[in-house]
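A short worksheet on the structure shown next.
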Amino acid sequence: MKFSKGARITLLVVLLLVVDQVVKVLVKTNMQIGQSIHVCGDWFQILFIENNGMAFGMQFGEGFGKLALSLCRLVLIALIIIYMSRLLRRKDTPNGVLVGLALILCGAIGNEIDSLFYGLIFDYAPLFYGKVVDMLYFPLIDTTLPAGFPIWGGKHIIFFRPIFNIADSCITCGAFYLILFQWKFFARKEEKKA
């Protein structure tokens, strides 16, 4: 059985969403906030935290800000779906462009599911006010730099402090992939407009 491009992209998004949500529910139902499991020593940990939905735990205000963030994310998801459906109808769209956009779409949907429904499902907030579950923590270097080291000498430093989830990883990987490997496709589109 041969699947169309659209079916393969949809399958990719659904599979990644299932993995994202299964991991989040497992962490949320089996760990306490702040609890960590050391997977590879101190290098990689499962560390359960929740945030209000922006990257790296940033806040966009309480109340209305949280609602506005969720609504903006819904609009972004709709725009990506519309754009991808147009690209799928074109014969010259590289598979890599579709995969990169699918990763971004998957990540946006995954975090939006948390924001929309987790408050209701886990009985702590109304619709649109749930928190995003994060758990992947890679404190790449957790060290005290030597006293003679420029700028931060003698100070304790942790490089790459953010705690994130699979949906965040999808967004980041999709964006970097498009920028690094598919920029020619978008540059070509701009040349045609000029």
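For the sequence shown, our numbering gives the first residue as 187, with consecutive numbering after it. From the three backbone atoms N, C-alpha and C, an ideal C-beta is built for every residue, glycine too.
Cα-Cα separation between residue i and residue j, rounded to whole angstroms
| i | j | result |
| --- | --- | --- |
| Lys-370 | Leu-289 | 19 Å |
| Ile-195 | Asn-281 | 9 Å |
| Cys-226 | Asp-320 | 18 Å |
| Phe-359 | Ser-271 | According to the sequence displayed, residue 359 carries Cys and not Phe. Rounded to whole angstroms, Cys-359 to Ser-271 spans 21 Å at the Cα level. |
| Leu-313 | Ala-193 | 30 Å |
| Leu-273 | Met-187 | 23 Å |
| Gly-286 | Leu-364 | 6 Å |
| Ile-232 | Leu-255 | 26 Å |
| Leu-212 | Gln-368 | 35 Å |
| Ser-190 | Gly-220 | 44 Å |
| Leu-203 | Asp-228 | 28 Å |
| Ile-266 | Leu-260 | 10 Å |
| Glu-298 | Asp-354 | 11 Å |
| Ile-352 | Phe-250 | 27 Å |
In DSSP terms, what residue i is bridged to
| i | result |
| --- | --- |
| Cys-226 | Phe-230 |
| Ile-219 | Partner(s): none; Ile-219 has no beta bridge. |
| Asn-238 | For Asn-238, which the question treats as bridged, DSSP gives no partner whatsoever. |
| Ile-349 | Tyr-323 |
Nearest-angstrom Cβ-Cβ length linking residue i and residue j, presumed shorter than 8 Å
| i | j | result |
| --- | --- | --- |
| Ile-430 | Leu-291 | There is no way to answer for residue 430, as the model of the chain reaches only from 187 to 380. |
| Gly-316 | Tyr-304 | 3 Å |
| Gln-218 | Phe-230 | At roughly 19 Å, the Cβ-Cβ gap does not stay under 8 Å, so Gln-218 and Phe-230 are not in contact. |
| Leu-322 | Ile-349 | 7 Å |
Span of the beta strand (DSSP E) around residue i
| i | result |
| --- | --- |
| Asp-320 | 318-323 |
Range of the contiguous alpha helix (DSSP H) that encloses residue i
| i | result |
| --- | --- |
| Tyr-363 | 352-367 |
| Gly-286 | 281-299 |
| Ala-254 | 250-275 |
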